[in-house]
Amino acid sequence: MSLYKDYINEIEERKGLGLHPKPIDGAELLSEVISQIKDVNNEYRVDSVNFFIYNTLPGTTPAAGVKAKFLKEIILGEATVAEITPTYAFELLSHMKGGPSIEVLLDLALGNDEAIAKQAAAVLKTQVFLYDADTARLADAFKAGNTIAKDILESYAKAEFFTELPAVAEEIKVVTYIAAEGDISTDLLSPGNQAHSRSDRELHGQCMITPAAQAEIKALQAQHPDASVMLIAEKGTMGVGSSRMSGVNNVALWTGKQASPYVPFVNIAPIVAGTNGISPIFLTTVDVTGGIGIDLQNWVKKVDENGNVIRDVNGDVVLEQVYSVATGTVLTINTKTKKLYNGDQELIDISRSLTPQKMEFIKAGGSYAIVFGKKIQTFAAQTLGIEAPTVFAPSKEISNDGQGLTAVEKIFNNNAVGSTPGKVLYAGSDVRVKVNIVGSQDTTGLMTAQELEAMAATVIAPTVDGAYQSGCHTASVWDKKAQANIPKLMKFMNDFGVITARDPKGVYHSMTDVIHKVLNDITVDEWAIIIGGDSHTRMSKGVAFGADSGTVALALATGEASMPIPESVKVTFKGEMKPHMDFRDVVHATQLQMLQQFDGENVFQGRIIEVHIGTLLADQAFTFTDWTAEMKAKASICISQDETLIESLEIAKSRIQIMIEKGMDNKNQVLKGLIDKANKRIEEIKSGAKPALTPDANAKYYAEVVIDLDIIEEPMIADPDVNNADVSKRYTHDTIRDLTYYGGDKHVDLGFVGSCMVHKDDLKIVSQMLRNVEKANGKVEFKAPLVVAAPTYNIIDELKAEGDWEMLQKYSGFEFSDLLPKSTARTEYENIMYLERPGCNLCMGNQEKAAKGDTVMATSTRLFQGRVVEDRDGKKGESLLASTPVVVLSAILGRIPSIEEYKTAVEGINLTKFKPISMN
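Per my numbering, the sequence shown starts with residue 5, numbered consecutively.
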């Protein structure tokens, strides 16, 4: 059977799901389509022409190469298609973004036919996705005296690709749609259990919110055809949780506008809002698509006549409404006054949503075009030997003479690209920075690959020190969805120059280690900047930013990222941990004490948490930096001591060496290079030439938070508070309760020890607790299932060497097998311990989940509705988050323990401890 007939069959199957034909990305299929176009009597010719014009993916997809070549033949008169004139062929090339289309346009522009060359030049002047090979051709032609090349370069130098675009409308009418009350997780917009379909944009779009919500959005569009639907998180923050490009893609698909008439299901310009603004990661993704994110502030704290905050009987801050954004309200965004209006009534200043840089993103249809455009303008001006005219909004450069630098300010200054030489920059400055380490995870990786193809990138930027493609989010179940997607992803990334968890050639053993653990190991310099395709890209060395798949692609392709230097909040500690407390409890207490100190205001949101926990090794410190995603911080920096940092780097070196010995290094010897960099950094610290990074004593912070360890008396549990009468307070990560609150009798249906929040010592705690229980009772019985997933294979190997894995095996009723991986997700659990394959497991929620309606006690990071556990009729699922010993004991007892039971159970166990630097 031909590929085309297979495609027709697939189209019929998609019709049954209410879907359109899937866009073509394969060269072989498009070649068959073209052969049918050429055959004027072919029964499929009409459809083939439509597929060729309207349903072929651009960029560097294999299909794009075939399409560009055929369009070139039409332009040169080598092929004739009645529906595609040479002029129309040029228009189609103009929408293909880069790669093969740029190569064809350069062939034509630098060719011998003057008329064709001028037409090609006119199109090239609108294009920005050019790479070194493309710009080198232009430069060589210019130097050889080619006038067309000179004309193109002069256009680039003036940035006509940007200046000739239509201006942003002065007024943008929106109609409101409250998508939910309280924080809106990206799981609502792009559910984790539908991760397999993210690269199929139309199919994945069907899972946004609910079918009922989709119908309501369409009804609003019908009622207000001149307005864009603005999705709102009422009394909450929009886009918390994972860093999902797919969430923004879905919002754009339902509420945005089509980027190109010739590229299906790629929409741009979504407009979103939240009472408490937009999650930093989500806002970056909105910028990528040329959208607008608005901090509404339509509810504020209620105060009495003395200005004191009013609280309810539960001690919670009372809010009062400033203005209404009820569903169906028509508002106006004025991009000139930078205000939000209801009719003539001014509601709020939204200048932060419409900065000069953001206005450029809106005009250009996204941030990529600006990033690449600036590079092209600089190249053209340098080639012509002229000074580039000022076209783009100048980068804001803030200097404060005499003021010290925070840690993040030091890192950004160290990595700055293109800023004013010799100028020291502070928070609020717009900076282009070199990216050292990049991470791509497997459920967003296919989208990252698509973004790389769309921006015509074919190889990793040589300035990137190291990049890793994980396999952790699909580690639990090797089902048909994973088998269809993951090998393709690994091959693409491996070819691109990224170290991959799975070997496309099948030589080295697959490594499904949690991405953040690997990135933490391959980060070998605390001055590094890391970009990763997951909100928990929060390394305890350097400063790491969780990002959408597009920003990850940009970092891979260019080795750079652009953002303002964030403000910092300094977190220090005093007092001493109680013997029965675990460091995880300190992490939760930090969130609680911060909220108490600032009357419920989350001063961490959108800022850098500079945490001074330098006595902890990187593995243990990551438990804190990882959780800063749940604190809604933009990122975090761990301030380490010299000796501790050296030890952490030595551990990282040993783990990178294991990866090399497995055969994971590539032809560029990236991993070997990282070991060399680690050795260099260790020598710098030891010699005193460059001690461990510290902020200046006179650095300025947005706020300073001091956590009192003395008042942390009990294990601290993050509770989703699923039955709170105020729905805006559910699933927030801000409700932190001590163990005694639960009275020792709250039923637990399942325990989970795993995710990026745990390290080797957590697995040793499980082993030690089992020994304690065995010693006391003669055996260990579980009254609830206990799922244990080590985050990495290295940890398992170390546990085996130290004798702990044997204890876990003794009481396990299931142990994973790499030779026989599960092909279907587990839906029922027995009261046994499950030793699962390293990876994300239940924390991701895309493969396996707890039974519907379960109460889960977990060490993971997520308590969002439906993530780890879904609701059932009459019972809400809930995922409470706690330390490893609390989780293990809860599974053994089948309930949350009392404080007395807990203290007895952890006696003599080496819990993860921390002492403030001043106490050492």
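For each residue, glycine too, the CB sits at the ideal point set by N, CA and C.
Being a predicted model, the structure only gives us computed values, none of them experimental.
Can you tell me the Cα-Cα spacing of residue i and residue j, whole angstroms?
i	j	result
T394	M668	46 Å
A926	A263	For residue 926 there is no data in the structure shown, the boundaries of the chain being 5 and 924.
G677	L558	22 Å
A161	I88	32 Å
D348	A163	37 Å
R775	V547	39 Å
S566	L80	41 Å
F587	E718	12 Å
A153	K400	33 Å
P425	E107	36 Å
S638	T167	The amino acid at residue 638 is misidentified as Ser; the sequence shows Lys. Straight-line Cα distance between these residues: approximately 32 Å.
V710	N418	28 Å
I655	K666	17 Å
S105	E457	12 Å
F549	F376	21 Å
A909	A780	10 Å
E17	N59	17 Å
F165	I402	29 Å
Beta-carbon separation of residue i and residue j under 8 Å?
i	j	result
A113	I156	yes
A373	V132	yes
E571	V437	no
G475	A505	yes
L493	L450	yes
P789	V762	no
E174	T382	no
E158	L7	no
A460	G63	yes
T555	R202	no
D525	I660	yes
M212	A277	no
G245	D191	yes
G843	V607	no
I188	G243	yes
L335	V178	yes
A70	L34	The sequence as given places Val at residue 70; Ala does not occur at that position. Going by C-beta atoms, V70 is nearer than 8 Å to L34.
A217	A183	yes
I354	K342	yes
Going along the chain, which residues of its own chain have a beta-carbon closer than 6 Å to the beta-carbon of residue i, five neighbours each way excluded?
i	result
T632	R542, I613, S640
K880	V726
I296	I275, S357
T888	V757, D766, I769, T863
A145	L114, A153
Once the 5 residues before and after residue i are set aside, which same chain residues still bring their CB inside 7 Å of it?
i	result
Q325	N302, W303
L257	R205, G209, F269, N271
I662	N798
V591	T627, F628, W631
A696	E530, S644, Q645, D646, L649, I689
With hydrogens ignored, establish whether the beta-carbon of residue i is closer than 7 Å to any heavy atom of the ligand COA.
i	result
L803	Absent from the structure shown: the ligand COA. Ligands present: none.
Can you list, in chain order, the residues of its chain whose CB lies under 8 Å from that of residue i, leaving out five sequence neighbours each side?
i	result
E905	G748, L893, L897
M923	For M923, the pLDDT reaches just 42, beneath the cut-off of 50, and the residue's location in the model is therefore unreliable, although a value from the coordinates is still provided. The answer, listed in chain order, is E580.
H228	K177, V179, V334
Nearest chain B C-beta to residue i closer than 8 Å, yes or no?
i	result
F818	No chain B appears in the structure shown, which is made up of a single protein chain.
For the 8 Å Cβ check, are there 3 or more pairs between the stretch 424 to 442 and the stretch 715 to 725?
no
Of all the alpha helix (DSSP H) runs that stay within the bounds of the stretch 78 to 145, which reach a length of 4 or more residues?
List check, alpha helix (DSSP H) in window: 90 to 98, 104 to 113, 118 to 128.
Residue ranges of each alpha helix (DSSP H) within the stretch 851 to 921, 4 or longer:
Whole alpha helix (DSSP H) segments, 4+ residues: 888 to 897, 903 to 910.
Output the residue ranges of the beta strand (DSSP E) runs that lie fully inside the stretch 766 to 832 and measure 3 residues or longer, sorted by chain position.
If you keep only unbroken beta strand (DSSP E) runs of at least 3 residues inside the stretch 766 to 832, you get 790 to 793, 816 to 819.
Counting pairs of Cβ atoms below 8 Å between the stretch 241 to 260 and the stretch 286 to 295, do you hit three or more?
yes
In chain order, which continuous runs of the beta strand (DSSP E) of length 3 or greater are located wholly inside the stretch 142 to 216?
175 to 185
Could you check whether the stretch 799 to 818 touches the stretch 837 to 852, counting it as contact only if at least three pairs of C-beta atoms, one from each stretch, sit closer than 8 Å?
Cβ pair count under 8 Å is three or more, so yes.
Which residue spans inside the stretch 276 to 301 form an unbroken beta strand (DSSP E) run of at least 3?
The stretch 276 to 301 is shown to contain whole beta strand (DSSP E) runs of 3 or more residues at 296 to 299, in chain order.
Give the list of continuous beta strand (DSSP E) stretches no shorter than 3 residues that lie fully inside the stretch 213 to 241.
232 to 238
Enumerate, from N- to C-terminal direction, the unbroken alpha helix (DSSP H) stretches of 4 or more residues contained entirely within the stretch 440 to 505.
449 to 458, 484 to 500
Whole alpha helix (DSSP H) elements within the stretch 540 to 573, 4-residue minimum:
The stretch 540 to 573 contains, as complete alpha helix (DSSP H) runs of 4+ residues, the segments 553 to 562 (chain order).
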